[in-house]
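The block underneath contains the structure these notes are about, expressed in structure tokens.
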Amino acid sequence: MDPLSLVVLLVMGTLAGAINAAVGSGSLLTLPVLLALGIPPGTAVRTNTLGILFSTIGSVTGYRKEIAAEGRALRPLIVITAVMASVGALLLLVSPSSALDIVVPILIVVALAMVIFQKPFVRAITARRERREAAAGETPSADETPSADPASDVASYASPAAGAVPRSPYRAPGLLAAMGGASIYGGYFTAAQGILYLGILGVATGKPMGAVNHVKNLASLIVNAAAATVYVIAHFVLGVEILWIASAAIAVGALLGGYFGAHLAKRMPEWLLRGIIVLVAVVALVRQFV
């Protein structure tokens, strides 16, 4: 690979790392470059996954305090995303690259709808739960209702009141099932997975995008690491192709962009964060049809 191509990948990797920390979908910058260089889709996805993994390392480092505050609540999510991402990576190894043309637009549209209509979704879910509890003669307890302050939710889980059973929306079966399905896609393709995670986490928890961004970044790290592990094993055992020099160029930029992007994302208002998500999703769709 020529030096100019490596420089372009380095720059795109830096921008992708920052975007991944804020909203996800940074691969929409790096993957098209790899494809434009004439690299086959399967090889491009594997090469990109290894490189973009370092953006999630950087962004998780930037959110380390928020992630640590969740403690045990995130353990089931970590296990499920790791297992399902490995399944997705294995699917990429055995499926034709043409399948990407069908799967990707559908999942991006679903993610975009979840982001745009998050608040109506949350209101509908909350109303249904309240009707069910009312019919059963129950009233929602304080620890089942999301707080307006995300930090207080974390604190109440980490240090529950005496005699109270700690609860966390991140352990909800519906959320875990949805994140498991999204992680199969993340391990399969990686691009736009952050939008899917943000949409699912926002709808399932009822929290603002900024309040679940650290969990999105952790899920992206786990998924990318699991997929990268599968690809590396397949490379050495089966001879599956990976362009290591291209992965390295993306990785250097992605690590820097991911770390600084996390600090930027924590200061962004929700309306701006949501606007960027929508913009990135639309760009992703356009890229699929152009």
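Residue 94 in UniProt numbering is what sits at position 94 of the sequence shown, and the numbering runs on without skipping anything. The beta carbon of each residue, even a glycine, is placed where N, CA and C say it ideally should be. Keep in mind that this is a model prediction, so the values were computed, not measured.
Starting from residue 64, trace the alpha helix (DSSP H) both ways and give me its first and last residue.
Per DSSP, residue 64 belongs to the alpha helix (DSSP H) from 64 to 70.
Which residues mark the beginning and the end of the alpha helix (DSSP H) in which residue 180 is found?
Residues 173 to 188.
Hey, would you say residue 58 sits closer than 8 Å to residue 17, going by beta carbons?
Yes, the Cβ-Cβ distance between residue 58 and residue 17 is below 8 Å.
On a Cα-Cα basis, can you pick out the residue from 183, 278 and 233 that is closest to residue 85?
The closest CA to that of residue 85, considering only 183, 278 and 233, is found on 183.
Taking the Cβ atom as the reference point for each residue, do residue 56 and residue 20 lie within a distance shorter than 8 Å?
Residue 56 places its beta carbon less than 8 Å from that of residue 20.
Where do the ends of the alpha helix (DSSP H) carrying residue 78 lie?
Residue 78 -> alpha helix (DSSP H) spans 75 to 94.
Count the other C-beta atoms from every protein chain shown that fall within 10 angstroms of the C-beta of residue 2, then say buried if there are 16 or more, exposed otherwise.
So residue 2 ends up on the exposed side.
Would you kindly work out how many angstroms separate the C-alpha atoms of residue 37 and residue 14, rounded to a whole number?
The straight-line gap from Cα to Cα measures roughly 19 Å.
Of the residues 209, 70 and 39, the one placed nearest residue 276, counting alpha carbons only
Among 209, 70 and 39, the Cα nearest to that of residue 276 is on 209.
Contact belief for residue 107 with residue 185 at Cβ below 8 Å, rounded distance in angstroms:
Sure, about 6 Å apart at Cβ, within 8 Å.
Residue 309, buried or exposed, once every other Cβ within 10 Å from all chains shown has been counted against 16:
Since the first residue of the chain shown is 1 and the last is 290, residue 309 is not available in this structure.
I need the straight-line Cα distance from residue 12 to residue 257, nearest angstrom please.
When the Cα atoms are used, residue 12 and residue 257 turn out to be separated by approximately 10 Å.
Whole angstroms are fine: how far does the CA of residue 70 sit from the CA of residue 64?
Residue 64 and residue 70: Cα-Cα distance of roughly 10 Å.
Threshold first: 3 residues or longer. Then list the beta strand (DSSP E) segments lying entirely within the stretch 2 to 51, N to C.
For the beta strand (DSSP E) assignment, the stretch 2 to 51 encloses no uninterrupted run of at least 3 residues.
From residue 178 to residue 201, what distance separates their C-alpha atoms?
Approximately 9 Å between the Cα atoms of the pair.
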